[in-house]
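Q:
There are 2 protein chains.
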Amino acid sequence: MAKKLLDFSKLCVHTLTNKSWNLRECIENYSAAGVHGITIWRNVLEGQNLKECKQILDDHNMMVSGLARGGFFPSTEISKRKEAIDDNLLAIEQSAAVGAPVLVLVCGADGKQSLEKSRDQIQEGILKILPQAKAAGVKLAIEPLHPMYAGDRSAINTLAQANDMAEEINSDFLGVAIDVYHLWWDDNLEKEIKRCGKNKNLMAFHICDWNVPTNDFLNDRGLMGDGCINIPKIRGWVEETGFDGFYEVEIFSNKYWAINQNDYLEKIKKAYLNYT
Amino acid sequence: MAKKLLDFSKLCVHTLTNKSWNLRECIENYSAAGVHGITIWRNVLEGQNLKECKQILDDHNMMVSGLARGGFFPSTEISKRKEAIDDNLLAIEQSAAVGAPVLVLVCGADGKQSLEKSRDQIQEGILKILPQAKAAGVKLAIEPLHPMYAGDRSAINTLAQANDMAEEINSDFLGVAIDVYHLWWDDNLEKEIKRCGKNKNLMAFHICDWNVPTNDFLNDRGLMGDGCINIPKIRGWVEETGFDGFYEVEIFSNKYWAINQNDYLEKIKKAYLNYT
Numbered sequence: 003m004a005k006k007l008l009d010f011s012k013l014c015v016h017t018l019t020n021k022s023w024n025l026r027e028c029i030e031n032y033s034a035a036g037v038h039g040i041t042i043w044r045n046v047l048e049g050q051n052l053k054e055c056k057q058i059l060d061d062h063n064m065m066v067s068g069l070a071r072g073g074f075f076p077s078t079e080i081s082k083r084k085e086a087i088d089d090n091l092l093a094i095e096q097s098a099a100v101g102a103p104v105l106v107l108v109c110g111a112d113g114k115q116s117l118e119k120s121r122d123q124i125q126e127g128i129l130k131i132l133p134q135a136k137a138a139g140v141k142l143a144i145e146p147l148h149p150m151y152a153g154d155r156s157a158i159n160t161l162a163q164a165n166d167m168a169e170e171i172n173s174d175f176l177g178v179a180i181d182v183y184h185l186w187w188d189d190n191l192e193k194e195i196k197r198c199g200k201n202k203n204l205m206a207f208h209i210c211d212w213n214v215p216t217n218d219f220l221n222d223r224g225l226m227g228d229g230c231i232n233i234p235k236i237r238g239w240v241e242e243t244g245f246d247g248f249y250e251v252e253i254f255s256n257k258y259w260a261i262n263q264n265d266y267l268e269k270i271k272k273a274y275l276n277y278t
Numbered sequence: 003m004a005k006k007l008l009d010f011s012k013l014c015v016h017t018l019t020n021k022s023w024n025l026r027e028c029i030e031n032y033s034a035a036g037v038h039g040i041t042i043w044r045n046v047l048e049g050q051n052l053k054e055c056k057q058i059l060d061d062h063n064m065m066v067s068g069l070a071r072g073g074f075f076p077s078t079e080i081s082k083r084k085e086a087i088d089d090n091l092l093a094i095e096q097s098a099a100v101g102a103p104v105l106v107l108v109c110g111a112d113g114k115q116s117l118e119k120s121r122d123q124i125q126e127g128i129l130k131i132l133p134q135a136k137a138a139g140v141k142l143a144i145e146p147l148h149p150m151y152a153g154d155r156s157a158i159n160t161l162a163q164a165n166d167m168a169e170e171i172n173s174d175f176l177g178v179a180i181d182v183y184h185l186w187w188d189d190n191l192e193k194e195i196k197r198c199g200k201n202k203n204l205m206a207f208h209i210c211d212w213n214v215p216t217n218d219f220l221n222d223r224g225l226m227g228d229g230c231i232n233i234p235k236i237r238g239w240v241e242e243t244g245f246d247g248f249y250e251v252e253i254f255s256n257k258y259w260a261i262n263q264n265d266y267l268e269k270i271k272k273a274y275l276n277y278t
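Sequence lines, in order, name chains A and B.
When the letters of the first sequence are read in order and numbered with the working numbering, they come out as residues 3 to 278.
When the letters of the second sequence are read in order and numbered with the working numbering, they come out as residues 3 to 278.
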């Protein structure tokens, strides 16, 4: 079990956690609240001048933990697989432009083909974009998604599978992202966290909670403490690997999106200290 | 890949698949449609004379594959754990009364405690009811549930975990139930099916499909062929173990519950021959 968190030096918030804020609003509000870690979702970069974005980030002493998201490689259609490569190359450029050291990959799946086939296409896609990632100094992090997304969002559903792929490709610019929401149920989690730590493949750590009951496949995530995930235990395993990155709050929630976002940010800070 | 199914001799339907029918309606309609396997959900036994139920089943040459369901052992409250034991003993009696050789266990989980603790309580609960199951000649089948139910419905979420528990308890009256809906995503599935087959622990095989996208946590299951599960492949693994039980159609679906149930039964038969 990890030691209690006493300050916000490791706290990072995903911009999509505060969906109604644009990038400038996220930056200004996070910074004013004493939160200096940010993971940028690409929707808030649309139509923006990336140099200006970087300047605003720097002006507010914001540290970018990562960019979300690349991936979605598999498809039965070759044209879509090509489009995905182009989109990932753009995401790598965007990561570099805003100073994101890591691009998180939601790897994708196509229910019209087997999971094995989708995983082959994921590996193929990663190998195609890896040279550009390396050239740009951006690391790629495979994020295993909960098995309930195996039909359409990710054919990589356990940390074991993500570790397997990262180790097989074996590049300093490829690792894994751990999200407690996707992985909390897995009785191999401790073992696999140790494994990715040992192999220097642990690149990001995302937190939120699993509501009991959960009512929506996408947008019913809980704030830390709302649900049943033992986050301090998992954080302890992550810290034991020597991981020294941010603890990233990534919550998609119709409930929390509907409240005042500054009040919500204060709730996040409180939950971060008490239930993370 | 399994050989194509050519007749309905192995087809069994769960009464909850046709939720609006009472037990007599299920029996009469299944039998008239040439379906002679049935798994009885306990809701249709409420207020019924079980001897009469058995007589109606016999009169229509129905073979009962199983009773659904016992389980729900874990709770942080000792009184609820005791209630669960009583309810499971009743379910065993009901199974024996209607001639169900197997009682399916949806094992339960309590989000207020760890999955490990819930699993300990599941094991404890099974050990408590096993003597009565044996005395009644009813086998208990641990059904691993999809990880999306780990918060509130089952702390046993992989076939590996179910196999572990069945092997540890090691009784001729305890085994596992395989439902493709819960397990299709697991890359250890083939290995674990072989394992439970080898240990004579494979007691039931449930089929349906995973819709892409899936919109409801409980009642958006697909009819075979609607979704992304390669059922013939999994059926092949099951058959390779020597399993000779029924292939049980268990579909909770707001969509299908809303249509004419006799038409639906014909759709089930067609899907059974074409996509199972």
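Positions of the beta carbon are idealized from the N, C-alpha and C atoms, including for glycine.
What you are looking at is a predicted structure, and each value in this text was computed from that prediction instead of being measured.
Glu-145 (chain A) and Ala-111 (chain A) - do their beta-carbons sit closer together than 8 Å?
A: Sequence index remark: in the first sequence, residue 111 (chain A) carries index 109 (1-based). Sequence index remark: in the first sequence, residue 145 (chain A) carries index 143 (1-based). No; because the gap between Cβ atoms is not below 8 Å, this pair is not in contact.
Q: Could you check what DSSP says for Cys-109 (chain A) in three-state terms: helix, strand or coil?
A: Position 107 of the first sequence holds residue 109 (chain A). Note: Cys-109 (chain A) maps to coil in three-state DSSP.
Q: Pair every Cβ in the region 195-210 of chain B with every Cβ in the region 243-252 of chain B, then say whether three or more of these pairs are closer than 8 Å.
A: The region 195-210 of chain B is in contact with the region 243-252 of chain B.
Q: Taking only runs of the alpha helix (DSSP H) that begin and end inside the region 83-161 of chain A, which ones reach a length of at least 4 residues, in chain order?
A: If we require 4 residues or more, the alpha helix (DSSP H) runs fully inside the region 83-161 of chain A come out as 117-138.
Q: Going by DSSP in three states, Met-2 (chain A) sits in which element: helix, strand or coil?
A: Since the displayed chain A opens at 3 and closes at 278, residue 2 (chain A) lies outside it and no answer follows.
Q: CB-CB under 7 Å to Tyr-277 (chain A), same chain, minus the five flanking residues each way: which ones, in chain order?
A: As a working mapping, residue 277 (chain A) is identified with position 275 in the first sequence. Closer than 7 Å at Cβ, skipping near neighbours: Met-226, Gly-227 and Ile-233.
Q: Output yes or no for whether 8 Å exceeds the beta carbon distance between Ile-29 (chain B) and Met-3 (chain B).
A: Start at 1 with the first residue of the second sequence, and residue 29 (chain B) comes out as number 27. Start at 1 with the first residue of the second sequence, and residue 3 (chain B) comes out as number 1. Not in contact: Ile-29 (chain B) and Met-3 (chain B) (Cβ atoms no closer than 8 Å).
Q: Going by alpha carbons, who is nearest to Gly-73 (chain A) out of A:Asp-222, A:Val-66 and A:Ala-86?
A: Locating residue 73 (chain A) in the first sequence gives position 71, counting from the first residue. Among A:Asp-222, A:Val-66 and A:Ala-86, the Cα nearest to that of Gly-73 (chain A) belongs to A:Ala-86.
Q: Taking all protein chains shown into account, do 16 or more other C-beta atoms lie within 10 angstroms of the C-beta of Ala-93 (chain B), making it buried, or fewer, making it exposed?
A: For the purposes of this step, residue 93 (chain B) is taken as the residue at position 91 of the second sequence. Buried.
Q: Closest by CA to Ser-22 (chain B), which one among B:Val-106, B:Asp-60, B:Arg-223 and B:Trp-259?
A: Numbered from 1 along the second sequence, position 20 holds the residue referred to as residue 22 (chain B). Of B:Val-106, B:Asp-60, B:Arg-223 and B:Trp-259, the residue nearest in Cα terms is B:Trp-259.
Q: Can you tell me where the alpha helix (DSSP H) with Gly-244 (chain A) in it begins and where it stops?
A: Taking the first sequence and counting its residues from 1, one reaches residue 244 (chain A) at position 242. Here Gly-244 (chain A) belongs to no alpha helix (DSSP H), and DSSP marks it neither H nor E.
Q: For Trp-23 (chain A), which of helix, strand or coil comes out of DSSP?
A: What you label residue 23 (chain A) is simply residue 21 of the first sequence in a count that begins at 1. Note: Trp-23 (chain A) maps to coil in three-state DSSP.
Q: Mind reading off the beta-carbon distance from Gly-229 (chain A) to Asn-213 (chain A)? Whole number of angstroms is fine, and I expect it under 8 Å.
A: Mapped onto the first sequence, residue 229 (chain A) falls at position 227. Mapped onto the first sequence, residue 213 (chain A) falls at position 211. Confirmed, about 5 Å.
Q: In chain B, what lies closer than 8 Å to Val-214 (chain A) by C-beta?
A: As a working mapping, residue 214 (chain A) is identified with position 212 in the first sequence. Simply Gly-113, Gly-153 and Asp-154.
Q: Just by C-beta distance, which residues in the region 188-210 of chain A are closer than 8 Å to chain B?
A: The residues in question are Asp-188 and Asp-189.
Q: Helix, strand or coil, according to DSSP, for Val-46 (chain B) in the structure here?
A: For this step, residue 46 (chain B) is matched to residue 44 along the second sequence. DSSP places Val-46 (chain B) in helix when its eight states are reduced to three.
Q: Run the CB neighbour count on Leu-191 (chain B), radius 10 Å, all protein chains shown included, and call it buried at 16 or more, exposed below.
A: Residue 191 (chain B) sits at position 189 when you count from the first residue of the second sequence. It counts as buried.
Q: Measure from the C-beta of Ser-77 (chain B) to each C-beta in chain C and report whether the shortest distance is under 8 Å.
A: The chain labelled as chain C is not found among the protein chains of the depicted structure, namely A and B.
Q: Residues of chain A with CB closer than 8 Å to the CB of Ser-116 (chain B), please, in chain order.
A: Position 114 of the second sequence, counted from the start, is the residue given in the question as residue 116 (chain B). Those are Asn-232, listed as they occur along chain A.
Q: In chain B, which residues lie less than 8 Å from Phe-219 (chain A) when you measure between Cβ atoms?
A: Walking along the first sequence from the start, residue 219 (chain A) turns up at place 217. The contacting residues are Pro-215, Thr-216, Asn-217 and Phe-219.
Q: Any contact between the region 37-49 of chain B and the region 125-133 of chain B? By contact I mean 3 or more CB pairs, one from each, below 8 Å.
A: These segments do not touch.
Q: Closer than 9 Å by beta-carbon distance: list the chain B residues that pair up with Arg-150 (chain A), in chain order.
A: The count along the first sequence starts at 1 and reaches residue 150 (chain A) at position 148. Here residue 150 (chain A) turns out to be Met, not Arg, going by the sequence shown. The contacting residues are His-148, Pro-149, Met-150, Trp-187, Thr-216 and Phe-219.
Q: For a cutoff of 8 Å on Cβ pairs, would you count Gly-229 (chain A) as touching chain B?
A: As a first step, residue 229 (chain A) is located in the first sequence; it is residue number 227 there, counting from the start. Closer than 8 Å: yes.
Q: Assuming the contact rule is C-beta atoms closer than 8 Å, Tyr-274 (chain A) and Leu-107 (chain A) should be a hit. Round their C-beta distance to whole Å, please.
A: Stepping through the first sequence from its first residue, residue 274 (chain A) is reached at position 272. Stepping through the first sequence from its first residue, residue 107 (chain A) is reached at position 105. Not really, about 25 Å apart at Cβ, beyond 8 Å.
Q: Using only alpha-carbon positions, find the residue among A:Asp-61, A:Ser-81, A:Asp-189 and A:His-184 that is nearest to Cys-210 (chain A).
A: For the purposes of this step, residue 210 (chain A) is taken as the residue at position 208 of the first sequence. For Cys-210 (chain A), the nearest C-alpha among the options comes from A:His-184.
Q: I believe Ala-102 (chain A) touches Gly-68 (chain A) by the beta-carbon criterion, under 8 Å. Please report the beta-carbon distance rounded to the nearest angstrom.
A: Position 100 of the first sequence holds residue 102 (chain A). Position 66 of the first sequence holds residue 68 (chain A). Sure, about 5 Å apart at Cβ, within 8 Å.
Q: What is the residue span of the beta strand (DSSP E) that Leu-13 (chain A) lies within?
A: Against the first sequence, residue 13 (chain A) aligns to sequence position 11. Note, Leu-13 (chain A): beta strand (DSSP E), 13-16.
Q: Tell me which residues share the same chain as Lys-58 (chain B) and place their Cβ nearer than 7 Å to its Cβ, disregarding the 5 neighbours each side in the sequence.
A: The count along the second sequence starts at 1 and reaches residue 58 (chain B) at position 56. A small correction: the amino acid at residue 58 (chain B) is Ile; Lys does not occupy that position in the sequence shown. Only Arg-26 and Ile-29 meet the Cβ criterion.
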